[in-house]
DNA sequence: TTCTACACGTGAAGC
DNA sequence: TGCTTCACGTGTAGA
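Chains as they are written, first to last, in this note's numbering: chain Y, 1 to 241; chain C, 1 to 241.
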């Protein structure tokens, strides 16, 4: 991959004196270039002069042009080299494949970030129960479920959750509890102990949903009770911490 | 940005008949090309034939060559277009700047992922207490602290934590609890209620560290006690869920 | 005008 | 051998 500059291409085709750009000393050295130009006239504007002498100024312009282009290439390839070191890929991977790899890597990172953020949410002001199956497929015959409950912060909710979920044969792999300003959000990641068919899956999700909703209802009614009895401020913060 | 192909460059310099590649019908149409070739002989090997007729096979090879190169460019630019739509950038941003933007974007995503993973860790098999100040600076005069405790899973640890931290005037903004295979990991994000100088900060971190370590010690000694008394398996899972 | 960024066709090199 | 990749210098359009 890659080739070192070895002469013949580009300038050396057009300026075959092999010396680069020492125009101005001897105009005759570019007579062949002139002949070539006569056959296929350049449209670069004023590149030719009447007697067949290539304009020195134009030559310098072309030199700086090609050098600018070289710098541009180095800039782009430099960035590509950095990307090559940042994504998991072979050192000899070609440019297009490298870019494809970068694309898939960025997509993966974004997917992970979105996945994490789903459970990282700070409790909101609206009560909410959400239950979803983790991934589209059951992994190793087991069901992975993420359930979240957002409601007013009550210390007894942990026990309520435990009780509500106890009949569902779930193993809690991960629990996340956020409290803020008298609100709380619980996010539970759980696996089933048995295997599920697709039909069972939906029934199961529904039953988890119902279990969490019953807790939410209890929190609401208790809140109403407390509110009616004027026992405490609705927004009082009661956190386990 | 960009220019449409308009003739004069490349093939049309070498094959200025303006008709593309209908060689074979009339060899004389490429006599000028031959002259050009004589001045700067190609090294592509076998491109010339004795009488000055450009080999038709070579012409086809060059045609397929330039077309392959065009396809390659389209592939690369296609990937660049995808990246342009994935990172926050102007539509008219040049290639090098786009790649620079991609680099910084990937770095940002990786940094976020690493930051999240610090607290997302699944409980490990080694006991650990970690306390660190969130960010280098105190925000709005307050101290944000992240403390984590990884140890054997005991249901009473939540109460222990609450008690241990009660004297430190901390408000728990976020609590995360993971249990797996009889181990548990607590990650607490807390803010101080007062303001801190740099010196106080370190003292404060040390006291949080000490508080968590005392809990860890208690878990360990209780474990030893249970172990000595043969009450239960050391790895028995006792989870609040 | 000059300066840039782009697409192009090309020679070389690797397989 | 033919096919692919890369770097190169160049023509052209826009600022």
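C-beta: ideal position from N, C-alpha, C; glycine also.
Item                                                                                                                       : Value
Proximity winner among 204(C), 184(C), 156(C) and 177(C), relative to residue 170(C) (alpha-carbon distances)              : 204(C)
Opening and closing residue of the alpha helix (DSSP H) in which residue 82(Y) lies                                        : 56 to 86
Beta strand (DSSP E) runs contained entirely in the stretch 155 to 188 of chain Y, provided each spans 3 or more residues  : 170 to 180
Interface positions of the stretch 195 to 220 of chain Y facing chain C (Cβ-Cβ less than 9 Å), listed along the chain      : none
Bridge partner(s) assigned by DSSP for residue 133(Y)                                                                      : 145(Y)
Exposure of residue 92(Y), with buried meaning 16 or more beta-carbon neighbours within 10 Å                               : exposed
Residue 112(Y): contacting residues in chain C (beta-carbon distance under 7 Å)                                            : 113
6 Å CB neighbourhood of residue 185(C) in its chain, flanking five on each side removed                                    : 123, 150 and 178
Closer than 8 Å at the beta carbon, the chain Y residues around residue 81(C)                                              : Those within 8 Å of residue 81(C) in chain Y number zero; the least Cβ separation is about 10 Å.
Cβ contact check for the stretch 78 to 97 of chain C and the stretch 93 to 111 of chain Y: 3 or more pairs under 8 Å       : yes
Three-state secondary structure assigned by DSSP to residue 221(C)                                                         : helix
Rounded C-alpha distance that separates residue 201(C) from residue 158(Y)                                                 : 33 Å
With 16 other Cβ atoms within 10 Å as the buried cut-off, status of residue 126(C)                                         : exposed
Option nearest residue 218(C) by Cα separation, candidates 188(C), 208(C) and 152(C)                                       : 152(C)
Where residue 152(Y) falls: helix, strand or coil (DSSP)                                                                   : strand
Partner residues on chain C for residue 179(Y), Cβ-Cβ distance less than 9 Å                                               : 172, 173, 174 and 175
Simplified DSSP assignment, three categories, for residue 214(C)                                                           : helix
Helix, strand or coil at residue 207(C) [DSSP, three-state]                                                                : helix
Cutoff 9 Å: residue 86(C) Cβ touching any chain Y Cβ                                                                       : yes
Chain Y residues whose Cβ lies nearer than 8 Å to that of residue 76(C)                                                    : 95, 96 and 99
is_contact[residue 222(C), chain Y] using C-beta, thresh 9 Å                                                               : no
Residue from 107(Y), 207(Y) and 74(Y) with nearest C-alpha to residue 95(C)                                                : 74(Y)
Neighbouring residues, chain Y, relative to residue 168(C) (Cβ below 8 Å)                                                  : Within 8 Å Cβ-Cβ: nothing; residue 168(C) doesn't reach chain Y, min ~11 Å.
Proximity to residue 183(C) [Cα-Cα], best of 68(C), 128(C) and 88(C)                                                       : 128(C)
Burial state of residue 211(Y), where buried means 16 or more other Cβ atoms lie within 10 Å                               : buried
Backbone secondary structure at residue 244(C) - three-state DSSP                                                          : Because chain C is modelled from 1 through 241, residue 244(C) falls outside the range shown and cannot be assessed.
Residue 149(Y) at chain C interface by Cβ criterion, 9 Å                                                                   : no
Coil, strand or helix - residue 192(C) by DSSP                                                                             : strand
Euclidean distance between Cα positions of residue 145(C) and residue 173(C)                                               : 10 Å
Under 8 Å (Cβ pairs) to chain Y, residues found in the stretch 62 to 73 of chain C                                         : 72
Secondary structure of residue 197(C), DSSP reduced to three states                                                        : coil
Spatial distance of residue 107(Y) from residue 88(Y) (CA atoms)                                                           : 14 Å
Residue environment, residue 264(Y), which counts as buried when at least 16 other CB atoms sit within 10 Å                : Since the displayed chain Y opens at 1 and closes at 241, residue 264(Y) lies outside it and no answer follows.
Close-in-space but distant-in-sequence residues of the same chain around residue 208(Y) (CB under 7 Å, 5 per side omitted) : 131, 145, 147 and 168
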